[in-house]
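These notes concern the structure reproduced below.
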Amino acid sequence: MRHVASIAAVLVCFVTLGPAPDARAELRNVTAQVSSEVQEVFMGTVLQSDQTTLDYPGSVMTSPVTAITRLDRLAPDDSIVSGAQGITVFNDPRLLGLIVANDFGMDLASFSATPNSGWVVNGTASERRTIAFRQAEVGALPGQPVQVTSTLFLSGVLTLSASDAQHDLTGCSSTMQFTLTLVRTGQANQALVTGSATLTGGPNGAVTLATTGVIDPAQHPLTNLDNTILPLPLLRAVTFSSSRAADQFQYQYTVNVDEQFELVLDFSASLTTTPDGAGGSCVFGLPQISFADIISRVQNSDAGQKAQDQISSLVDTTGSDRPDEPATRVTPIPLLFALPQLCGVLGLESALMLLGGACLMRRAGRVRGGRRR
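Mapping to numbering that gives the first Met the number 0: the sequence shown position 227 is 226, numbers consecutive.
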């Protein structure tokens, strides 16, 4: 079942105070698309699904934009025995005011306590910025090439968990990936920074980590939190923190003065968990909420909240502990100097955080025997 641009608008404030922008780079336009999808799966068959896709501007005209999906599986006595939910957020960086303009946030989670209900939870977000460096601000001639240096920040966590320390996690995974692309008229697109990380489950509680691109596996060890929380004796996590140099990804590109170009940031996360005791989460740029909610509904316990507390002792998934916005340096070519602090706006194609505002909410799906209640 597909749901697009779901129904009600609710005001939710997750506001972070921060400095006003330095507008020396002209941010001419911003468009975005966010999506959230939950699928209940058993033996390769999708039993039910819930999907929301929102375009900005388009189906939604105000920012922040939030896509939320949720499904539960009910037992004959109406108790919840399995559940999943996904949240994807986009914030328009032009709407600065008193908030720090960051772009995306995601919070995916699932858990099953029944032998016939597994989950796939997906979140995607894509933002396209139209930008130009103006002659008067850069101090270079029209058409002169300039080299731009900026930074992308990453904060969040991937987890896999189970109700048995030796649980077979084969088929379970928790993954994220991102790409920042430069788009110039008449030229091939240029990937400026790209990376991914995936937790993969195996027999007897095994979990492995694989990374690509700028994610250095040596700087992202797999954290074992087994037997610290009952009834979740298996809990593995890999964390990313914008306060660490390992998760501050510097990139460079060259454009011309007064040239209009685009930066496209794509971020996606996906969580797959199997039936009968497996769960997990993917959280980037948001407070951890969904995993505690799912465990509370399914197990009627605070184990999910305790797991989130353990992870919070390791990382701030909102990225609010990141350093002050670094300078985006713009160097005219061939002149050998750089102008510091040239663009509060351009440093914004970076971190993944929830800032709040109008959230699009939808009624949670509750299903018995494959029918929504």
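Idealized CB from N, CA, C, for every residue including glycine.
Here the structure is a predicted model, which is why all the values come from computation and not from measurement.
Asked, Found
"Would you tell me roughly how many angstroms separate the C-alpha atoms of Thr126 and Ala277, rounded to the nearest one?", "A quick correction: the sequence has Glu, not Thr, at residue 126. Near 33 Å, if we compare the C-alpha coordinates of Ala277 and Glu126."
"What are the uninterrupted segments assigned as beta strand (DSSP E) that are 3 or more residues long and contained completely in the stretch 299-331, given in chain order?", "328-331"
"Looking at C-alpha atoms only, which residue of Glu136, Asn299, Pro286 is the closest neighbour of Ser319?", "Pro286"
"Roughly how many angstroms lie between the CA atoms of Gly204 and Gln146, to the nearest whole one?", "48 Å"
"For the alpha helix (DSSP H) that contains Val256, what are its first and last residues?", "Here Val256 belongs to no alpha helix (DSSP H), and DSSP marks it neither H nor E."
"With DSSP as the reference, please indicate the residues paired to Arg127 in a beta bridge.", "Thr30, Val263"
"Going by the beta-carbon positions, is the gap between Leu231 and Ser160 smaller than 8 Å?", "yes"
"Count the other CB atoms within 10 Å of the CB of Ala74; is the residue buried (16 or more) or exposed (fewer)?", "exposed"
"Does the beta-carbon of Arg133 have 16 or more other beta-carbons within 10 angstroms, so that it is buried, or is it exposed?", "exposed"
"Measure the Cβ-Cβ separation of Leu198 and Leu262 and say whether it is below 8 Å.", "no"
"What does the alpha-carbon distance come out to for the pair Glu258 and Gly142?", "7 Å"
"Quick one: is Gly122 buried, meaning 16 or more other Cβ sit within 10 Å of its Cβ, or exposed?", "buried"
"Can you tell which of Pro202, Ser35, Leu191 has its C-alpha closest to the C-alpha of Asp163?", "Pro202"
"Using CA coordinates, which residue listed in Ser62, Gln38, Val45 is at the minimum distance from Gln32?", "Ser62"
"Return the CA-CA distance between Ala187 and Gly104, expressed in angstroms with no decimal places.", "29 Å"
"For Ala24 and Ile332, what's the separation of their Cα atoms in angstroms?", "17 Å"
"Per DSSP, which one or two residues make a beta bridge with Gln143?", "None, per the DSSP bridge assignment."
"So is Val45 buried or exposed if we call it buried at 16+ other beta carbons inside 10 Å?", "exposed"
"When you compare each of Asp106, Val64, Ser111, Glu39 to Phe89 by their alpha carbons, which one comes out closest?", "Val64"
"Taking three-plus beta-carbon pairs below 8 Å as touching, is the stretch 67-82 in contact with the stretch 245-260?", "no"
"Please determine, among Asp246, Thr30, Val119, the residue with the shortest C-alpha to C-alpha distance to Asp315.", "Asp246"
"Using only alpha-carbon positions, find the residue among Leu229, Ala244, Cys281, Leu191 that is nearest to Val237.", "Cys281"
"Rounded to the nearest angstrom, what separates Pro322 and Asp102 at their Cα positions?", "17 Å"
"Is Leu229 buried or exposed, if buried means 16 or more other CB atoms sit within 10 Å of its CB?", "exposed"
"Look up Ile67 in the DSSP assignment and give the residues it is bridged to.", "Ile86"
"Compare the C-alpha of Thr150 against each of Pro144, Leu179, Gly138 and name the closest.", "Leu179"
"Helix, strand or coil, according to DSSP, for Gly343 in the structure here?", "A caution first: Gly343 carries a pLDDT of 28, below 50, which makes its placement in the model unreliable, though a value can still be read off. Of the three classes helix, strand and coil, the one that applies to Gly343 here is coil, per DSSP."
"I need the straight-line Cα distance from Ala291 to Ser195, nearest angstrom please.", "25 Å"
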